[in-house]
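In the working numbering, the protein residues as written are 20 to 260.
And the structure:
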């Protein structure tokens, strides 16, 4: 996934009201940009970090700039735009980057499924695999202290929506399908992924139960720069650090 044109750079002043951020441009001006991230962004929004942002030519947008990446003062790149995660995984499936998801004939997105009014991010069908594969994508950006440990966690805030998705995936397994929780790791400092039981204990418990019942978990890391992002390689997932 390439950024065309290349992203512009600024310095973060603050993130606030969930979807807004103030940044300082090179000429000293401060502008407000859209922050496309519904999470807490814990450890991802430190004042003084570098911000890379895109610019829209849509005249109807109130905020024409979008926060895409951060580079922390420790040198880590973080993908702030969680909307990119689904696109990255879909692109990687189409380019046969994800070995565990080879062999399907077609991909559909945002397909209604389950008993709780959900939409699956990716539904893989056909080919030589026998059963359909339901793939729920989550963007992982929380690197906890000590940062040298490389331990990443999801979610970064209590997530009832995330809990619902685990229940829906478990239902698909019960119905004879394949179901995968896919952690798209958009943080260059993360080397392994775990459920954040210290933040959302219910999510961690549900995920452990789902894994025991056949839900698969994949964690893949992204390569990031102000030129683009791509899904690169698998990293370890565990139910507890």
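Every residue gets a Cβ at the ideal spot worked out from N, C-alpha and C, and that includes glycine.
Here the structure is a predicted model, which is why all the values come from computation and not from measurement.
| Check | Outcome |
| --- | --- |
| Determine which residues share a DSSP beta bridge with residue 200 and list them. | 155, 236 |
| Classify residue 56: buried if its beta carbon has 16 or more other beta carbons within 10 angstroms, exposed otherwise. | buried |
| Assign residue 190 to one of three DSSP states: helix, strand, or coil. | helix |
| Of the choices 127, 51, 58, 217, whose alpha-carbon is the least far from that of residue 99? | 58 |
| Determine whether the beta carbon atoms of residue 150 and residue 197 lie at a separation below 7 angstroms. | yes |
| According to DSSP, what are the bridge partners of residue 53? | 39, 85 |
| Let me make sure I understand the geometry here. Which of 237, 235, 32 has the alpha-carbon closest to that of residue 67? | 32 |
| According to DSSP, is residue 229 helix, strand or coil? | helix |
| Only counting the same chain, and skipping five residues up and downstream in sequence, which positions put a Cβ closer than 8 angstroms to that of residue 65? | 31, 91, 92 |
| CB-CB under 6 angstroms to residue 236, same chain, minus the five flanking residues each way: which ones, in chain order? | 200, 256 |
| Give every residue of the same chain whose Cβ lies closer than 6 angstroms to the Cβ of residue 117, excluding the five residues on either side of it in the sequence, and list them in chain order. | 111 |
| Does the distance from the C-beta atom of residue 130 to that of residue 203 stay below 7 angstroms? | no |
| Which first and last residues belong to the alpha helix (DSSP H) in which residue 108 is found? | 103-113 |
| Flag this pair as yes or no: are the beta carbons of residue 208 and residue 53 separated by less than 7 angstroms? | no |
| Buried or exposed for residue 193, going by 16 or more other Cβ atoms inside 10 Å? | exposed |
| Apart from the five residues on each side of it in sequence, which residues of its chain come closer than 8 angstroms, Cβ to Cβ, to residue 49? | 32, 41, 42, 43 |
| Counting only the same chain and skipping the five closest in sequence on each side, list residues whose C-beta sits under 7 angstroms from that of residue 184. | 137, 155 |
| Which first and last residues belong to the beta strand (DSSP E) in which residue 211 is found? | 211-214 |
| Compute the distance between the beta-carbons of residue 2 and residue 210, then report whether it is under 7 angstroms. | Residue coverage of the chain in this structure runs from 20 to 260, which leaves residue 2 outside it and unanswerable. |
| Find out if the Cβ-Cβ distance for the pair residue 232, residue 71 is shorter than 7 angstroms. | no |
| According to DSSP, is residue 184 helix, strand or coil? | helix |
| Looking at residue 62: is its Cβ nearer than 7 angstroms to the Cβ of residue 162? | yes |
| Give every residue of the same chain whose Cβ lies closer than 7 angstroms to the Cβ of residue 178, excluding the five residues on either side of it in the sequence, and list them in chain order. | 219, 222 |
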